[in-house]
Amino acid sequence: MEMFFDNYIVGTFLVSLFAFLFLFILRRYNNNNNNNDNNTRKKRFETGYSREIKTQTGAGKGECSPGNGSGDEVIIVGAGVAGAALAYTLGKDGRRVHVIERDLTEPDRIVGELLQPGGYLKLVELGLEDCVEDIDAQRVLGYALFKDGRNTKLSYPLGKFQADVSGRSFHNGRFIQRMREKAATLPNVKLEQGTVTSLLEEKGTIIGVQYKTKDGEELRAYAPLTIVCDGCFSNLRRSLCNPKVDVPSCFVGLVLENCELPFSNHGHVILGDPSPILFYPISSTEVRCLVNVPGKKVPSVANGEMANHLKTVVAQQVPPELRDAFIAAVDKGNIRTMPNRSMPADPHPTPGALLMGDAFNMRHPLTGGGMTVALSDIVVLRDLLRPLHNLHDAASLTSYLESFYTLRKPVASTINTLAGALYKVFSASPDEARKEMRQACFDYLSLGGVFSTGPVALLSGLNPQPLSLVLHFFAVAIYGVGRLLLPFPSFQRMWIGARLIWSASGIIFPIIKAEGVRQMFFPATVPAVYRAPPVVN
């Protein structure tokens with residue numbers, strides 16, 4: 001056994017060198033592409049690429065122009081998790097904030113219900129930790145992983161943190177309403193229900209928004225900084241970024257009632273066929289079930305195809321302790337679906353405007369990392385804006401805030417990359433190399449010790465280190481090769497092992513490339529990080 005682990009360590013070291021070589025090549029390739037992309041974006045913007053931005057033609061009826069005493073410093077479009085948290089954060093710092101949200105009633109969603117421990121720490125840092133109180137939120141202490149009748153428990157490494165630190169799971173709408181209510185308690189924060197139809201532009205600078213109130217009245221609002229947080233269905237982001245939205249799968253959501261999870265206070269991941277099934281508590285009496293269905297199309301709910309699929313294909317893969325509750329939830333009929341989107345952050349730095357939340361960056365929701373990324377981004381932006389007393393120099397502010405896109409990368413890129421990679425590894429495949437990778441991942445995590453705490457620390461947002469992610473990912477691949485070659489290697493097994501390494505590279509390197517190699521691994525080399533706050537008289 002000692003010899004095996006010595007070989008394992010040597011193999012991990014060699015594959016790490018291999019990974020660094022690839023990263024160096026990708027970095028050079030990425031830099032060349034970035035230069036070409038920047039020239040293309042500049043040309044597009046100059047020739048009117050942002051056609052949906054409307055130019056200000058003068059203050060009319062119902063308008064609140066910069067000169068008429070409105071005094072808003074920041075307009076926030078959207079009051080979901082990102083928008084509501086940002087409104088409170090900037091308002092607490094003394095900013096005059098105007099939030100425009102399409103619907104201020106309590107949302108009802110099947111995602112955004114699990115906050116990782118790293119996200120909870122950001123919530124504490126923002127002073128919003130009380131928003132998970134009085135909503136029947138449940139503590140989450142880790143995950144349980146199930147495969148082929150076996151299971152393993154993966155606990156969050158929380159030993160060095162205070163007792164209240166853990167994950168939290170809840171009804172998404174209740175959490176959002178608590179944050180909206182807290183933001184609304186600040187006298188300098190105004191929450192208004194309305195639908196933003198366009199951004200207002202003047203001489204290349206975003207100066208505000210045009211929106212319809214809930215009564216249908218068209219108004220304009222102005223501020224030196226507009227932050228768009230209107231979610232995954234954003235109709236404003238196209239003018240502020242290059243959206244490359246991918247829909248790898250859909251979630252089918254159910255609520256199981258009055259049942260006990262096999263491992264209390266843990267999320268449950270079943271490595272099913274063809275893809276994972278998730279269970280986690282959202283209240284003291286309810287368990288959320290999310291069945292991942294690959295592709296953009298799902299069986300019809302209306303004609304009963306979905307219910308039949310869940311009963312005949314999925315139910316038999318559900319742990320026996322949950323099977324009756326699962327079938328009862330299907331029979332109850334409240335089956336909901338939602339496409340799972342992923343979109344790397346690819347912004348067009350635009351004077352007067354900024355993107356945040358799912359409007360800016362999305363990853364597969366399998367790992368529950370979206371809210372952690374959003375809250376981390378808010379902490380980064382808050383710290384950048386704090387030294388600024390005046391936001392009116394749009395050009396200088398835009399140049400200064402370019403550092404935001406790099407400073408957010410350690411947390412965001414780690415969680416994004418892990419989400420995309422784990423989804424592909426955890427999904428079933430007819431390819432032998434992918435099957436071996438899936439089994440190797442389960443067995444690697446089952447080893448315990450550093451083999452489980454390391455990956456779980458990455459997943460939870462407690463240790464967002466991109467290099468650690470790459471090392472663990474290839475350690476899983478090397479472990480898989482070791483399983484194939486021991487005790488007696490054969491040509492076929494060696495060939496599968498080589499394909500396993502190739503498959504692992506094909507999974508993680510494209511995700512890293514999309515995230516940006518330089519910003520992800522070498523942020524200190526990005527000049528924007530060192531820009532001083534602009535001085536505005």
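Letter by letter, the sequence shown follows residues 1 to 537 of UniProt numbering. Positions of the beta carbon are idealized from the N, C-alpha and C atoms, including for glycine.
By the neighbour-count criterion, in which 16 or more other beta carbons inside 10 Å mark a residue as buried, Ala504 falls on the buried side. Taken through DSSP and simplified to helix, strand or coil, His472 comes out as helix.
Here Val255 is buried. Its C-beta has 16 or more other C-beta atoms within 10 Å. Here DSSP, grouped into helix, strand and coil, assigns Thr185 to coil.
Beta-bridge annotation (DSSP): Leu355 is paired with Val228. For Leu384, the closest of Gly368, Gly370, Thr406 by C-alpha to C-alpha distance is Thr406. The secondary-structure analysis by DSSP pairs Leu310 with nothing; it has no beta-bridge partner.
Check the Cα spacing between Asp246 and each of Pro365, Leu375, Ser429, Ser399: the tightest is with Pro365. When the five nearest sequence neighbours on each side are left out, the beta carbons in the same chain lying within less than 6 Å of the beta carbon of Ser234 are those of Ala359, in order along the chain. Pairwise C-beta distances place the stretch 157-170 in contact with the stretch 117-129, as three or more of them are shorter than 8 Å. A check of alpha carbon separations from Gly91 across Lys182, Val132, His171 identifies Lys182 as the nearest.
Counting other Cβ atoms within 10 Å of its Cβ, Asn416 reaches 16 or more and is therefore classed as buried.
Taking a cut-off of 8 Å on C-beta distances, the stretch 80-94 touches the stretch 168-183, as three or more cross pairs fall below it.
Considering only Met520, Ile100, Leu469, Phe146, the residue with the shortest C-alpha distance to Pro320 is Phe146.
Rounded to whole angstroms, Asp230 and Leu310 show a C-alpha spacing of 32 Å. The C-beta distance from Glu515 to Pro248 rounds to 16 Å, too long to meet the 8 Å contact threshold. In the DSSP annotation of this structure, the continuous segment of the alpha helix (DSSP H) that includes Pro510 starts and ends at 491-515.
Remark: C-beta atoms of Arg174 and Arg139 do not approach each other more closely than 8 Å. The count of Cβ pairs closer than 8 Å, one atom from the stretch 327-335 and one from the stretch 262-277, stays below three, leaving the stretches out of contact. Straight-line measurement puts the Cα of Ser284 at about 10 Å from the Cα of Cys259.
For Gln177, DSSP assigns no beta-bridge partner whatsoever. Taking a contact to require three or more Cβ pairs closer than 8 Å, the stretch 398-414 and the stretch 439-456 do not qualify as touching. No Cβ-Cβ contact shorter than 8 Å links Asn292 with Phe263.
Assignment of Lys212 by DSSP, reduced to helix, strand and coil, places it in the strand class. For Lys296, the secondary structure class from DSSP, reduced to helix, strand or coil, is coil. Uninterrupted alpha helix (DSSP H) stretches at least 4 residues long and entirely within the stretch 407-444 occur at 409-426, given in chain order. Listed in chain order, the alpha helix (DSSP H) runs fully inside the stretch 55-139 are 81-92, 117-125, counting runs of at least 4 residues. The closest CA to that of Leu422, considering only Val314, Val450, Arg363, Ser300, is found on Arg363. When secondary structure is reduced to three states using DSSP, Ser446 falls in the helix class. Within the same chain, and ignoring the five residues on either side of His392 in sequence, the residues whose Cβ sits closer than 6 Å to its Cβ are Pro224. Going by beta carbons, Ile282 and Met306 fall outside the 8 Å limit. Between the alpha carbons of Val77 and Leu123 lies a distance of about 21 Å.
Met338 and Pro487 have their C-alpha atoms spaced approximately 45 Å apart. In the three-state DSSP reduction, Asn340 falls in the strand class (E or B). According to the DSSP secondary-structure assignment, Phe170 is paired through a beta bridge with no residue. The Cβ-Cβ distance between Ala477 and Met520 does not fall below 8 Å.
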